[in-house]
Structure formats: C-alpha cells, structure tokens
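Student: Structure provided below as structure tokens; questions to follow.
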Amino acid sequence: MASPTDCSMGARMGFAVIGILVGFCILVVFGVNYQNWNVALWGLVSALYTLLVHIGFRKQWWWDCPESLRNHMLAGCFLQLAGVVGFVAYLVLGISQKQGLVIYGNGYYLTTVWCFMTWKWGFQLFFFSRDYWRRLTGFYQPLFEDSEKPVKPIQYGTS
Numbered sequence: 000m001a002s003p004t005d006c007s008m009g010a011r012m013g014f015a016v017i018g019i020l021v022g023f024c025i026l027v028v029f030g031v032n033y034q035n036w037n038v039a040l041w042g043l044v045s046a047l048y049t050l051l052v053h054i055g056f057r058k059q060w061w062w063d064c065p066e067s068l069r070n071h072m073l074a075g076c077f078l079q080l081a082g083v084v085g086f087v088a089y090l091v092l093g094i095s096q097k098q099g100l101v102i103y104g105n106g107y108y109l110t111t112v113w114c115f116m117t118w119k120w121g122f123q124l125f126f127f128s129r130d131y132w133r134r135l136t137g138f139y140q141p142l143f144e145d146s147e148k149p150v151k152p153i154q155y156g157t158s
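Residues in the sequence shown are numbered consecutively from 0, following numbering that gives the first Met the number 0.
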C-alpha cells in the first residue's frame, strides 16, 4: 500500500499543529486568566503526542521498528479512556452540584468539553498509529476489492 500523499500528511500535521496552538491558548486563557486549571490541563494533553507520531512517520523513525507504534496505539486507547472517564466525572460533578456555566475557578461543564477533545485526540493517536503500523508491517487490507477484477453478480434463487 502506498504511503499517504504529501498533501494528506501536511493536512494531518497541520490539524495537529492547530490543536497544539488551541491547547496552548486554552492553557494561557483558562489557566492564567480564569484560574480554571481543569480546563487548562485537559486542553493541552494529547495534540502534541499525535503530531509527534505524524512527524515520526514522515521522518521514517518507525521504519526500523514499526512495533513501537503499538505502544502509541495503547497510549491512544488510554487517552480515549481518560477522556471518557473525565467527561462522565465532570458531567456528574456539574449536575450533582447544580453548577451553571462557570468560567472562573472549577467550571465542570467547560472541562467536559475539553475531556471530549482529549478523547478525540486519543482516537486520532490510536487511528493514525494503527494506520502507520499496518502500512509498515504489511497488514494493510484494502477496504474495497481491486476495481480491475470483474465483480461476480449476486444470484438469487436457483434456476
């Protein structure tokens, strides 16, 4: 299977860089300005890790030992789990304490949003690590059959 094109790799890396910039802005705005460190730390967790996996594939870090990508897949699973657990925990805290949308201090509903974003970046870390691992180890299976092969029509009943 061919490697991703330069355009798609650039898009993947660009989205990760945007995620890092947004996470850093969240750290500065919510952490320093509003003293909401829950949001600030969840906002900066995993976009950097995903960018490092993309850079590693592009610079051929994984080509000698593609099995190390399995550790990154496991880290992606843990980030997804942390995002889901954090989402549920902060949602329950917000509901049980009858908290509205609070920006200053411990605003639980804003933290649920950034726990969801952590889940998203964990999913991307898992997905792209698995994709790169499959490409490098030869376990890649195409989604559709080759279009040059004739497709056998489905026949219903017997005649």
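Even for Gly, the Cβ is constructed at its ideal location relative to N, Cα and C. It should be emphasised that the depicted structure is a prediction, and the values quoted were computed from it without experimental measurement.
#1: Are three or more beta carbon pairs between the segment 88-99 and the segment 51-70 nearer than 8 Å?
#2: Taking K119 as the reference, which of C64, P65, G30 and F86 has the closest Cα?
#3: Please state whether DSSP places W132 in a helix, a strand or coil.
#4: Helix, strand or coil for G85 per DSSP?
#5: Taking just the CA atoms, how far does L47 sit from F23?
#6: Should the segment 97-112 be called in touch with the segment 66-78, which here means at least 3 C-beta pairs below 8 Å?
#7: Around the C-beta of V10, are 16 or more other C-beta atoms found within 10 angstroms, so that it is buried, or is it exposed?
#8: Mind checking L78: buried by the 16 CB within 10 Å criterion, or exposed?
#9: Grab me the residues of L26's own chain with a C-beta within less than 8 Å of its C-beta, minus the 5 sequence neighbours each way, in chain order.
#10: On a Cα-Cα basis, can you pick out the residue from Y108, T117 and P3 that is closest to I164?
Tutor: By the coordinates alone:
#1: no
#2: F86
#3: helix
#4: helix
#5: 10 Å
#6: no
#7: As written in the sequence, residue 10 is Ala, which differs from the Val given in the question. Classification for A10: exposed.
#8: buried
#9: A39, L40, G42 and L43
#10: Lying outside 0 to 158, the shown extent of the chain, residue 164 is not represented and no answer is given.
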